[in-house]
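*Asks:*
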Amino acid sequence: MVRAERSKPTVTDANLILGRLGAESFLGGEMVLNAEAAVAAVQKHIAEPLELDVNQAAVAIIRIANAHMALALRAVSVQRGRDPRDFALVAFGGAGPLHGCTLARELKIPTVIIPQLPGQFSAWGMLTCDLRHDYVQTLLRDFATVSPKEIRSVLAALINDGMTTVGGEHENRSPAPEIECRLDLRYRGQEYTVTVPLPKASYSGDDRETTAARFHELHRLLYGHSAPEEPLELVAVRVTVHRAVEKGPSFLTTHASTSGSGRSASAHNERRVYMGERYGFINTPVYSREELPPGTKLAGPAIIEETASTTVVLPQDKVEVVLTGELVIQITQEED
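When the sequence shown is numbered by numbering that gives the first Met the number 0, its final residue is 335 and no position is left out of the sequence of numbers.
Okay, structure coming up:
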């Protein structure tokens, strides 16, 4: 891989320097990474200005990247009143499996799942997902006095836009589109809103009380408190129109005929890999995912390579290849 002479370092460079990526095995060996250029870029732009060695600079890059991803995970879990310990983390994309186990330890998530073909997982989702269009119109009103007719009028206009768009995309196809309607509400004086679903694709005066009660319930769930005595403001009206599309045959496969229990696997390589502050650099076996049939069990540290992604398994974590082909990693939580 040729690097532009003045290009700045990337997270990929840091992962390469730390052994988490293999220079010769990237993209199944079709694109060889230039490790010397990665070192030079990190040395020039990060290590020298901060008076660090190259490895320290690469570690700092990874820590910052992980911190940003952890914030995003907290935004969809803790900040919504959900405990990450109650969920599994699905790590996909080319880089997701490189960072999944570290993020799981950070948020105390017990399980990481690496789907089949993680590098193509988003593209597969786009090809198979249902059609969906979202519409929103600002309508700033006192919720206690806003006219139901005005809300119905906005809903009708947004629904018409959505039905016209979806109908033009898939004319005369079944099933019929589904419609979801929601209101953005907040306590008067608040900066943020809570989106409250409506029970039907319309609104009447009878819905005011139940919608307000649902808002207080959601606010308490999301933020840990509610104030039913406080007046509410309507901020916006939302409509979603979506239609299920016919799914073609999946390229993901199951392996019932080759499943087994507790199979061992042979590493095809070994290299020194940085496994976090606690462990430092460790001689780590490298496996090819296509050579790991269902039933295979591994213990970290391990690197599992495939064409468009690499999975980093930290020490003491345990991996099993399940019948449907996913890597299921049980995370060993470190003591505080």
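Even for Gly, the Cβ is constructed at its ideal location relative to N, Cα and C.
Rounding to the nearest angstrom, what Cα-Cα distance links residue 156 and residue 162 in this structure?
*Replies:* 10 Å
*Asks:* What span of residues does the alpha helix (DSSP H) with residue 327 cover, start to end?
*Replies:* Element bounds for residue 327: not the alpha helix (DSSP H) but the beta strand (DSSP E), 326-329.
*Asks:* Can you round the beta-carbon distance between residue 91 and residue 109 to whole angstroms, since I take them to be within the 8 Å contact cut?
*Replies:* The pair is not a contact, with the Cβ atoms about 18 Å apart (cut-off 8 Å).
*Asks:* Quick check: the segment 323-331 against the segment 125-133, are there 3 or more CB pairs under 8 Å?
*Replies:* no
*Asks:* Within this structure, are the beta carbons of residue 98 and residue 318 separated by less than 9 Å?
*Replies:* no
*Asks:* For residue 378, is the classification buried or exposed, using 16 other Cβ atoms within 10 angstroms of its Cβ as the cut-off for buried?
*Replies:* As displayed, the chain neither begins before 0 nor continues past 335, which places residue 378 out of reach and without an answer.
*Asks:* Leaving aside the five residues before and after residue 80 along the sequence, list all residues of the same chain whose C-beta is less than 8 Å from its C-beta, in chain order.
*Replies:* Cβ within range, chain order: 220, 221, 222 and 223.
*Asks:* Could you tell me if residue 119 is buried or exposed, where buried requires 16 or more neighbouring beta carbons within 10 angstroms of its beta carbon?
*Replies:* buried
*Asks:* Counting along the chain, where does the alpha helix (DSSP H) carrying residue 121 start and finish?
*Replies:* Start and end: 120-127.
*Asks:* Identify whether residue 256 lies in helix, strand or coil by the three-state DSSP scheme.
*Replies:* Only weak support exists for where residue 256 lies, its pLDDT of 45 falling under 50; the value from the coordinates is given anyway. Here residue 256 sits in helix by DSSP.
*Asks:* Apart from the five residues on each side of it in sequence, which residues of its chain come closer than 7 Å, Cβ to Cβ, to residue 15?
*Replies:* 22, 32, 34 and 37
*Asks:* Going by DSSP, which residues form a beta bridge with residue 308?
*Replies:* 305
*Asks:* To the nearest angstrom, report how far apart residue 111 and residue 88 are at their CA atoms.
*Replies:* 5 Å
*Asks:* Please state the DSSP three-state secondary structure of residue 43.
*Replies:* helix
*Asks:* In chain order, what are the residue ranges of uninterrupted beta strand (DSSP E) at least 3 long that sit wholly in the segment 53-84?
*Replies:* none
*Asks:* Can you tell me whether residue 320 is buried or exposed? The criterion is at least 16 other CB atoms within 10 Å of its CB, across all chains shown.
*Replies:* buried
*Asks:* Could you round the C-beta distance between residue 145 and residue 184 to whole angstroms and report it? I think they count as a contact, below 8 Å.
*Replies:* The pair is not a contact, with the Cβ atoms about 11 Å apart (cut-off 8 Å).
*Asks:* Where do the N-terminal and C-terminal ends of the alpha helix (DSSP H) with residue 141 fall, by residue?
*Replies:* From DSSP, residue 141 is part of no alpha helix (DSSP H) but of the beta strand (DSSP E) over 130-141.
*Asks:* Residues in its own chain within less than 7 Å of residue 44 by CB, not counting five upstream and five downstream?
*Replies:* 7 and 8
*Asks:* Mind checking residue 137: buried by the 16 CB within 10 Å criterion, or exposed?
*Replies:* Exposed: under 16 other Cβ atoms inside 10 Å.
*Asks:* Taking C-alpha atoms, which residue in 210, 71, 315 and 308 lies nearest to residue 116?
*Replies:* 308
*Asks:* Rank 275, 191, 303 and 273 by C-alpha distance to the C-alpha of residue 287 and give the top, closest one.
*Replies:* 303
*Asks:* Taking the Cβ atom as the reference point for each residue, do residue 175 and residue 242 lie within a distance shorter than 9 Å?
*Replies:* yes
*Asks:* Would you kindly work out how many angstroms separate the C-alpha atoms of residue 59 and residue 20, rounded to a whole number?
*Replies:* 17 Å
*Asks:* Residues bridged to residue 88 by DSSP?
*Replies:* According to DSSP, residue pairing for residue 88 in a beta bridge involves 111.
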